[in-house]
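Q:
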Amino acid sequence: MSDPRITSSIFTRGAVDLSTLRGPAPASTRPGTPPQGGPSNGTPGTPTAGGDTAIVDVTEATIQSEVLERSMAMPVIVFFGAAGFPESDEFAPVLERLNAEGAGTWVLARVDVQENPRIAQMFRVQGIPMVYAVVGGQPVDAFSGVVPEAQLRQWIQAVLKAGGVAVAEPEDPRLDEADDALMSGDLDAAEQAYRKILADAPADAAATAGLAQVGVARRVAGADPAAALAAAESAPDDVAAQLLAADIEVLSGLAEQAYARLVGLVRRTAGEDRETVRQHLVSLFSIAGPDDPAVASARRALASALF
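As structure tokens, then:
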């Protein structure tokens, strides 16, 4: 797991020693003891919402039970913030909403750094908002500042997996919109939507595949499939003709044939032409995905052709 902004984790530098926080938990906050006090309204150590939402406000008196001990049963994500700070005020509701979506799979522990400066000091908090993940009584990762929601979702998924929680991959509604635009033929809108997803999550396989499909659709627009395939047959070393033929074959459900066509072309070309063909073939691979057996076979053939 890593910081969603792709920076080195502060835990690799031994920044936090949670042993200083350990101590006898107050009786009212020990696991299995009902919380004391009135209605749920954000008071320290009590859930702020019912149902599957698990949000607690933490103080020095409750941090052992609500963070350390609770993290032995499920991941706890600790949010350090303070009212009146714009970034903190804007980011907190995002975490709260994702916690509600989590349906009780993780706890959101909120720490007001103004009211609990000693906790902030122990966690080496130097700016807000700051977020820690605690699993099994130990911190596993953290980040500071505001990150895009898509990256935050991926980070939380990684935290849950680190905590042994079986999670389903979340569906991104933006992907549905992009797919709808692609299917309707609005290639500009589809490309813009896929690129926006990839700006937040560069490794998103579905968006990568969608963007590759947009490229194929643009390249074959206006082409006569039969004529293009015939032209490629009569000019086996014409790079442009072979690339167009491969695109048509992919759209026709003949992906393996397209892969073989371009692997053969890689063998017969050199220099810039070879690199152009290789990149084109790799883009076609992304449409099917890395788990497709035909892609795996073609990748091995490509490696053989290159080396």
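Residues in the sequence shown are numbered consecutively from 23, following our numbering.
Cβ atoms here follow ideal geometry from the backbone N, Cα and C, with glycine treated the same way.
Can you look up PHE307 in the DSSP assignment and give me helix, strand or coil?
A: The residue labelled residue 307 in the question sits at position 285 within the sequence shown. Three-state DSSP puts PHE307 in a helix.
Q: Do VAL98 and VAL129 have their CB atoms nearer than 7 Å?
A: Within the sequence shown, the letter at position 76 stands for residue 98. Within the sequence shown, the letter at position 107 stands for residue 129. Their beta carbons are under 7 Å apart, which means VAL98 touches VAL129 by this criterion.
Q: Among VAL317, ARG140, ASP260, which residue has its Cα nearest to the Cα of LEU276?
A: Counting from 1 along the sequence shown, the entry for residue 276 is found at position 254. The residue with the shortest Cα to Cα distance from LEU276 is VAL317.
Q: Short of 8 Å in beta carbon distance, which residues of its chain neighbour LEU220, apart from the five on each side in sequence? Order them along the chain.
A: For this step, residue 220 is matched to residue 198 along the sequence shown. ASP226, ALA229, THR230, LEU233, listed in sequence order.
Q: Taking all protein chains shown into account, do 16 or more other C-beta atoms lie within 10 angstroms of the C-beta of ARG283, making it buried, or fewer, making it exposed?
A: Taking the first residue of the sequence shown as position 1, residue 283 is located at position 261. So ARG283 ends up on the buried side.
Q: DSSP on GLY103, reduced to helix/strand/coil?
A: Position 81 of the sequence shown, counting from 1, holds the residue named residue 103. Strand, per DSSP.
Q: Exposed or buried, what is GLU213 when buried is set at 16 or more other beta-carbons lying within 10 Å of its beta-carbon?
A: Counting from one through the sequence shown, the residue named residue 213 turns up at place 191. By the neighbour-count rule (16 or more Cβ atoms within 10 Å), GLU213 is buried.
Q: In the DSSP assignment, find the beta strand (DSSP E) that holds ILE150 and state where it starts and stops.
A: Working through the sequence shown from its first residue, we reach residue 150 at position 128. That residue, ILE150, is in no beta strand (DSSP E); it is neither H nor E in DSSP.
Q: Look up ARG132 in the DSSP assignment and give the residues it is bridged to.
A: For this step, residue 132 is matched to residue 110 along the sequence shown. According to DSSP, ARG132 bridges with ASP79, PHE101.
Q: Mapping DSSP to helix, strand and coil, what is SER7?
A: With the chain represented from 23 up to 329, any question about residue 7 goes unanswered, as that position is not in the structure.
Q: Which same chain residues, not among the five before or five after ASP134, have their C-beta less than 6 Å away from its C-beta?
A: Locating residue 134 in the sequence shown gives position 112, counting from the first residue. Only ALA104 meet the Cβ criterion.
Q: Could you tell me the distance, in whole angstroms, from the CA atom of VAL153 to the CA atom of LEU90?
A: As a working mapping, residue 153 is identified with position 131 in the sequence shown. As a working mapping, residue 90 is identified with position 68 in the sequence shown. One C-alpha to the other measures close to 15 Å.
Q: Which stretch, first to last residue, makes up the beta strand (DSSP E) that contains PRO161?
A: What you label residue 161 is simply residue 139 of the sequence shown in a count that begins at 1. Start and end: 160-166.
Q: Figure out for me which residue from PRO161, ALA95, PRO258, ALA83 has the closest Cα to the Cα of PHE101.
A: Locating residue 101 in the sequence shown gives position 79, where the first residue counts as 1. For the residues PRO161, ALA95, PRO258, ALA83, the minimum Cα distance to PHE101 belongs to PRO161.
Q: Would the region 266-275 count as touching the region 246-255 if we require 3 or more Cβ pairs under 8 Å?
A: Counting Cβ pairs under 8 Å, three or more are found: they touch.
Q: Look at the alpha carbon of MET144 and the alpha carbon of LEU120, and state the distance between them as a whole number of angstroms.
A: The residue you call residue 144 lines up with position 122 of the sequence shown. The residue you call residue 120 lines up with position 98 of the sequence shown. Rounded to whole angstroms, MET144 to LEU120 spans 26 Å at the Cα level.
Q: So VAL187 is in the alpha helix (DSSP H); what residue range does that whole segment cover?
A: By 1-based counting over the sequence shown, the position of residue 187 is 165. Counting along the chain, VAL187 falls outside any alpha helix (DSSP H), and DSSP gives it neither H nor E.
Q: Among the residues of its own chain, which have a CB less than 6 Å from the CB of VAL187, if the five just before and after it don't count?
A: Here residue 187 refers to the residue found at position 165 of the sequence shown. Counting only Cβ-Cβ distances below 6 Å, and skipping sequence neighbours, we find THR127.
Q: Skipping 5 residues on each side, what residues in its chain have a beta carbon closer than 7 Å to that of GLN235?
A: Here the question's residue 235 lines up with position 213 in the sequence shown. Counting only Cβ-Cβ distances below 7 Å, and skipping sequence neighbours, we find LEU204, ILE309.
Q: In three-state terms, what does DSSP make of ALA337?
A: With the chain covering 23 to 329 only, the question about residue 337 has no answer from this structure.
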